[in-house]
Amino acid sequence: MPEMTPLPSQSILVLGAGELGLPVLRNLAREAKRAPGSTLSVLLRESTINTQVPEKKVEIDELRGLGIQMVAADLVNDSIDQLAKVFARFDTVIGCAGMVAGRETPMKLATAALKSGVKRYFPWQFGVDFEVIGRGSPQDLFDAQLDVRELLRAQDNTEWVIISTGMFTSFLFEPVFEVVDFDNNTVNALGSLENSVTLTTPDDIGTLTAQIVFFEPRLRNQIVYLAGDTVTYGQVASMLGRVLDRSFKRNVWTVDYLMQALEQDPTHHIKKYRAVFAQGKGVAWPKAATFNEQQSIPVTTAEQWARENLADL
1 MPEMTPLPSQ SILVLGAGEL GLPVLRNLAR EAKRAPGSTL SVLLRESTIN
51 TQVPEKKVEI DELRGLGIQM VAADLVNDSI DQLAKVFARF DTVIGCAGMV
101 AGRETPMKLA TAALKSGVKR YFPWQFGVDF EVIGRGSPQD LFDAQLDVRE
151 LLRAQDNTEW VIISTGMFTS FLFEPVFEVV DFDNNTVNAL GSLENSVTLT
201 TPDDIGTLTA QIVFFEPRLR NQIVYLAGDT VTYGQVASML GRVLDRSFKR
251 NVWTVDYLMQ ALEQDPTHHI KKYRAVFAQG KGVAWPKAAT FNEQQSIPVT
301 TAEQWARENL ADL
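Okay, so the sequence shown: first residue is 1 according to this note's numbering, each after it adds one.
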């Protein structure tokens, strides 16, 4: 079997090590072995790096064991100039800190990335297709993500890659989202039973992101689509019936119903998300058009995930 040609080396900084950051880091550590000379670092708060919280300490020790360097900084409280100085030490910066830091942070990080002169930037946009959804949607956080895209497209010094993943698979089944009501064996379809949603697990996103970072020919200035599965709400009800061996009723929450619920509680983030998904734009795409399908990389379907995680419900 012929030896694989080594990939170009990269120095990579990942922002955050949470639900998505951890699988991204684990997979980058593995892929980096194919690119001799590559280095991998993670940006965390000083308090996180030195944590004595047992569960978090296990994760930090795991990352150190993978040869990942710790970089102390604060994405919320450090200035753009301070962050740019940190980012400037790396070729590639990947945002995995989520939206927990608030509406202003995505733009702040993108500005710092451009100011740093980093070669390639992957913003935190692991989610829906914000441009298809458009400005002024029920979820106002999405407008901030469109601001980031406009900023990146308006310059040509730093390459950028946006990875669209749809919803994290597990979130569709979370009680707080209320799409699946296990107690009453009901699926509450957002908009209609025929509306689709694209789902991908964080572990699969981690695997695929690492592949994208090291992919040759180099991916740049583009949106890359992923999908573990794309399913309608009607299909979700049928799938749960198979997996749990009991029938699920199909209920529809119309756009009007969800918009009225949001008007009565306009700051409720979950109600904002439900209204956006009910409108059915930019939240699903065919699996055939995705990076994982084109590269024949296996991913977890909704039914596979359900069999592994919901069997006891």
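Even glycine gets a Cβ: it sits at the ideal position worked out from N, Cα and C. Keep in mind it's a predicted model, so treat the numbers as computed, not measured.
Counted within 10 angstroms of its Cβ, other Cβ atoms place residue i as buried (16 or more) or exposed
i	result
residue 52	exposed
residue 174	exposed
residue 118	buried
residue 139	buried
residue 286	exposed
residue 161	buried
residue 76	exposed
residue 8	exposed
residue 156	exposed
residue 125	buried
residue 2	With a pLDDT of 45 at residue 2, under the threshold of 50, the modelled position of this residue cannot be trusted, and the question is left open.
residue 176	exposed
residue 5	exposed
residue 298	exposed
residue 295	exposed
residue 50	exposed
residue 47	exposed
residue 154	exposed
Coil, strand or helix - residue i by DSSP
i	result
residue 297	coil
residue 47	helix
residue 109	helix
residue 104	coil
residue 86	helix
residue 70	strand
residue 174	coil
residue 307	helix
residue 8	coil
residue 63	helix
residue 76	coil
residue 116	helix
residue 313	coil
residue 201	coil
residue 267	coil
residue 238	helix
For residue i, the residue or residues it bridges with in DSSP
i	result
residue 314	With the chain represented from 1 up to 313, any question about residue 314 goes unanswered, as that position is not in the structure.
residue 164	127 and 225
residue 132	Partner(s): none; residue 132 has no beta bridge.
residue 121	93 and 160
residue 287	Partner(s): none; residue 287 has no beta bridge.
residue 196	232
residue 249	186
Inter-residue CB distance, residue i and residue j (contact presumed, cutoff 8 Å)
i	j	result
residue 26	residue 191	About 36 Å; that fails the 8 Å criterion.
residue 164	residue 91	Contact flag wrong, Cβ pair sits at about 23 Å.
residue 236	residue 302	7 Å
residue 95	residue 15	5 Å
beta-carbon residue i near the ligand FAD non-hydrogen atom, thresh 7 Å
i	result
residue 127	By its list of ligands, the structure shown contains no ligand whatsoever, and the ligand FAD lies outside what it can speak to.
Test: residue i CB closer than 8 Å to a CB of chain B
i	result
residue 140	No chain B appears in this structure, which consists of one protein chain only.
Say whether the region 185-194 touches the region 146-155, bearing in mind that this needs 3 or more beta-carbon pairs closer than 8 Å, one atom from each stretch. Counting C-beta pairs closer than 8 Å gives fewer than three between the region 185-194 and the region 146-155, which falls short of the contact rule.
Specify whether the region 119-135 and the region 275-288 touch according to this definition: at least 3 beta carbon pairs, one from each stretch, less than 8 Å apart. Contact between the region 119-135 and the region 275-288 is present: 3 or more CB-CB pairs across the two stretches fall below 8 Å.
Check whether the region 237-245 touches the region 48-62, taking contact to mean three or more Cβ pairs, one atom from each stretch, closer than 8 Å. No contact exists between the region 237-245 and the region 48-62.
Touching by the beta-carbon criterion (3+ pairs, under 8 Å), the region 256-271 and the region 217-232: Counting C-beta pairs with one atom in each stretch, the region 256-271 and the region 217-232 have fewer than three that are closer than 8 Å, which means they do not touch.
When the Cβ atoms of the region 71-90 are set against those of the region 104-119, are three or more pairs found closer than 8 Å? The answer is yes - the region 104-119 touches the region 71-90, with three or more Cβ pairs under 8 Å.
Check whether the region 28-43 and the region 67-75 touch, using three or more Cβ-Cβ pairs below 8 Å as the test. Contact holds: three or more Cβ-Cβ distances are below 8 Å.
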